[in-house]
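Novice: My questions will all concern the structure given below.
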Amino acid sequence: MTYSQPETNAATVARDPEAIIIAKGVHKRYDNDFHVLKGISLTVNKGEVVVLMGPSGSGKSTLIRTFNGLEPYQEGKIEIDGTEISHNQKGIELIRREVGMVFQQFNLFPHLTILKNVTLGPIHLKGLSQDDAEAQAMELLERVGIAPQANKYPGQLSGGQQQRVAIARALAMEPKVMLFDEPTSALDPEMVREVLDVMRKLAQSGMTMVCVTHEVGFAREVADRIIFLAEGELVTDTTPDKFFNNPEEERIKQFLSQILH
Amino acid sequence: MEYSFDFSVIADNFGLLLSGAWLTLKMSLLAIAFGLIIGVIGSLFRTSGNPLLNGIALAYVEVIRNTPYLIQLFFIFFGLPSLGLTLSAEQAAILSLAINFGAYSTEIVRAGVESISKGQIEAGLAIGFKKLAVFRHIVIPPALANVYPALIGQVILAVLFTSVVSQIAAEDLTYAGNYLNSRTFRSFEIYFTIALMYLAIVWIVKALAYLIELRFFEFAKYRK
Ligand SMILES: Nc1ncnc2c1ncn2[C@@H]1O[C@H](COP(=O)(O)OP(=O)(O)OP(=O)(O)O)[C@@H](O)[C@H]1O
Ligand SMILES: [Mg+2]
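So the protein lines, in turn, are chains R and V. Quick note on the numbering used here: the first sequence kicks off at 1 and runs consecutively. Quick note on the numbering used here: the second sequence kicks off at 262 and runs consecutively.
Pasting the structure below:
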């Protein structure tokens, strides 16, 4: 168990040298005053795969998006590899380079070829030469099985292929942690597997991953921990075995009965 | 009605007409290039979410789109010297055309920028680009592609607008025509030819636009 309880005094928290994401008492309200995150605390350690589950509207996307500053938060503290994401988001770009993100809708850049989608960040943000960036990109595209499509445009690829490119694009920045927000929810069933296979390989390679997904097979097999959110609160943080086979909370049982068939 | 057509006036003065046409084409291309830069910056201001920048761009667009171009031209050529800024007729023509085209293109490009999904922008931010770099690398190229037909329509109007600059004696195609007409009174032959030459210039501009589309917007074919 690496989940740490909410602290009243953040300054006294001993830092786990292996921790990559530390969230402490994170509160977020939307502009309309909707209280979406109600004091979330959790730690993700190097090499861990954490799966976030919870009913629709429970705040999973919001939470995962606070980890790279796409959602600002008002109270509490989030640290990525020892660097705090300040509430005013100063210097957030540097943190984002360390945190890869994969979206439900892929969000590839339609005007760039697959290859250029992957090299854009490394060329402009890491100062790689075009040749080096392309060599690295081709290696990544090879890994996700899209190398033959390198010179096509996103619009020419299937959803599953696009999502694998999106993973390669994020990996090209050599992030310390990868965030996935329902990466297979927008895919036709026959394409879900090819994306999950890539994610599984990525997990085996030791990448730290936080995934919002309702893919039970993936979660059982790959996740080190399952975190369950409901109504903006962290309900449980446990092993897949315990979560799926021995859930204690009524809310989890109810949720599982919904997603398991 | 007895009028014997005599196109020899055209043949004899074709060099003059050609140099006028060349200036028209040159002014058009320069004004469109500068105007497009203004339009891109204007659209950035308009969509920045910053009330001051938005206000500046909006005021610019309102003033230019709701006043006659001829007055804008006169203001720049005859008015600005009072502030110590004296421009040649050609410079004043290009500047005023660019400012005019910039206002129209600001609104066209803004529509393109607003057509880009939030997801694209977030993907750029998530990689670690700053907002301005996201605008430059991720938003503007597909935004321009999305509004390209509207933009080309405005470009053609800008080319046709250039005929007004003969009013400040910039020696464009219309000026050359007026000059020949006042000397030869061959109005039919002259303005018929001038019209054809404008048509040719517009076709040249359209051909260039098409080449640009092929070169930069190839991807647009594949969008769903
Ligand atoms: N910009 C916003 N303004 C106001 N409320 C919002 C905004 N974005 C999300 N919400 C609300 O916040 C709550 C949590 O949203 P979030 O997208 O994080 O949920 P989720 O757990 O990811 O749900 P899903 O499984 O449907 O993706 C929802 O009730 C949603 O309506
Ligand atoms: Mg969600």
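Note that the Cβ used here is the ideal one computed from N, Cα and C, for glycine as well.
Is A456/V buried or exposed, if buried means 16 or more other CB atoms sit within 10 Å of its CB?
Specialist: Classification for A456/V: exposed.
Novice: Do P183/R and Q163/R have their C-beta atoms within less than 8 Å of each other?
Specialist: Contact flag set, yes.
Novice: When every heavy atom of ligand 1 is checked, does at least one fall within less than 7 Å of the C-beta of S58/R?
Specialist: Yes.
Novice: Would DSSP call R225/R helix, strand or coil?
Specialist: DSSP places R225/R in strand when its eight states are reduced to three.
Novice: 8 Å is my cut-off, CB to CB: does M101/R come that close to chain V?
Specialist: So, interface residue.
Novice: Beta-carbon separation of I40/R and L70/R under 8 Å?
Specialist: No, Cβ-Cβ distance for I40/R and L70/R is not below 8 Å.
Novice: Can you pull the DSSP bridge partners for M178/R?
Specialist: DSSP lists G100/R and M209/R as partners of M178/R.
Novice: Does any CB atom of chain R fall closer than 8 Å to the CB of I298/V?
Specialist: Taking Cβ atoms only, chain R never reaches closer than 8 Å to I298/V, which makes this a no.
Novice: Compare the beta carbon distance of L42/R and K28/R with 8 Å and say whether it is the shorter of the two.
Specialist: Their beta carbons are not under 8 Å apart, which means L42/R does not touch K28/R by this criterion.
Novice: Determine the extent of the alpha helix (DSSP H) in which H87/R is found, giving its start and end residues.
Specialist: Element bounds for H87/R: n/a, residue is neither H nor E.
Novice: Assign E432/V to one of three DSSP states: helix, strand, or coil.
Specialist: In the structure shown, E432/V sits in coil (DSSP, three-state: anything other than H, G, I, E or B).
Novice: Going by CA-CA distance only, name the one from K391/V, I429/V, R371/V and I388/V that's closest to P402/V.
Specialist: When each option's Cα is compared against that of P402/V, the closest is R371/V.
Novice: Determine the chain R residues that contact R484/V at a beta-carbon separation under 7 Å, and present them in chain order.
Specialist: Here the neighbours are P110 and G155.
Novice: Should K242/R be flagged as near chain V, meaning a C-beta pair shorter than 8 Å?
Specialist: Judged by the 8 Å Cβ criterion, K242/R is not in contact with chain V.
Novice: Given a limit of 8 Å on CB to CB distance, which residues of the region 386-403 of chain V reach chain R?
Specialist: Against chain R - using a Cβ distance shorter than 8 Å - the residues of the region 386-403 of chain V are L386, A387, I388, G389, F390, K391, A394, H398, I399, P402 and P403.
Novice: Say the cut is 7 Å; is the CB of E182/R nearer than that to a heavy atom of ligand 2?
Specialist: Checking the Cβ of E182/R against ligand 2 gives yes.
Novice: Which residues in chain R have a C-beta closer than 7 Å to the C-beta of G380/V? List them in chain order.
Specialist: Under the 7 Å cutoff, chain R gives F103, Q105 and N107.
Novice: Mapping the DSSP letters down to three states, classify E18/R as helix, strand or coil.
Specialist: The answer is coil: DSSP assigns E18/R none of H, G, I, E or B.
Novice: Roughly how many angstroms separate the alpha carbons of D273/V and A431/V, rounded to a whole number?
Specialist: When rounded, the distance between both Cα atoms is 22 Å.
Novice: Does the separation of the CB atoms of V374/V and S280/V fall below 8 Å?
Specialist: No; because the gap between Cβ atoms is not below 8 Å, this pair is not in contact.
Novice: How far does the alpha helix (DSSP H) with I388/V in it extend, from its first residue to its last?
Specialist: Note, I388/V: alpha helix (DSSP H), K379 to I388.
Novice: What are the residues in the region 408-429 of chain V lying within 8 Å of chain R by C-beta distance?
Specialist: Here the close residues number zero.
Novice: Check whether chain R comes within 8 Å of A384/V, counting only Cβ atoms and requiring the distance to be less than that.
Specialist: Cβ-Cβ to chain R under 8 Å: yes for A384/V.
Novice: Give every residue of the same chain whose Cβ lies closer than 7 Å to the Cβ of L140/R, excluding the five residues on either side of it in the sequence, and list them in chain order.
Specialist: Taken in chain order, the residues that qualify are V118, A168, L171 and A172.
Novice: Checking contacts by CB at 8 Å: is K253/R closer than that to chain V?
Specialist: Chain V contact via Cβ: absent.
Novice: Just to check my reading of the structure: M138/R and M178/R have Cβ atoms closer than 8 Å, yes? What is that Cβ distance to the nearest angstrom?
Specialist: Not really, about 20 Å apart at Cβ, beyond 8 Å.
Novice: Mind the definition here: the region 47-63 of chain R touches the region 87-101 of chain R only if three or more C-beta pairs lie below 8 Å; say whether that holds.
Specialist: Segments in contact, no.
Novice: Can you have a look at S349/V and say buried or exposed, based on whether 16 or more other CB atoms are within 10 angstroms of its CB?
Specialist: Flag for S349/V reads exposed.
Novice: Can you check which of these residues, A384/V, D267/V, V425/V and I413/V, is closest to P329/V by C-alpha distance?
Specialist: Looking at the Cα atoms, V425/V is the closest of the given residues.
Novice: Using a Cβ cut-off of 7 Å, which residues of the region 197-209 of chain R contact any Cβ in chain V, in chain order?
Specialist: For the region 197-209 of chain R, which is checked against every Cβ of chain V, not one residue is closer than 7 Å.
Novice: Quick one: list the residues of chain V neighbouring N68/R, beta-carbon separation under 7 Å, in chain order.
Specialist: Under the 7 Å cutoff, chain V gives A387.
Novice: Give the DSSP-derived three-state secondary structure of A150/R in the structure shown.
Specialist: The answer is coil: DSSP assigns A150/R none of H, G, I, E or B.
Novice: From N107/R to L157/R, what distance separates their C-alpha atoms?
Specialist: So the alpha carbons of these two residues sit roughly 13 Å apart.
Novice: Which one or two residues does DSSP pair with R29/R in a beta bridge?
Specialist: R29/R pairs with H35/R.
Novice: Tell me, please, which residues DSSP counts as bridged to M53/R.
Specialist: BP columns for M53/R point to F228/R.
Novice: DSSP has K482/V in a bridge; who is on the other side?
Specialist: Bridge partners of K482/V: none, in fact.
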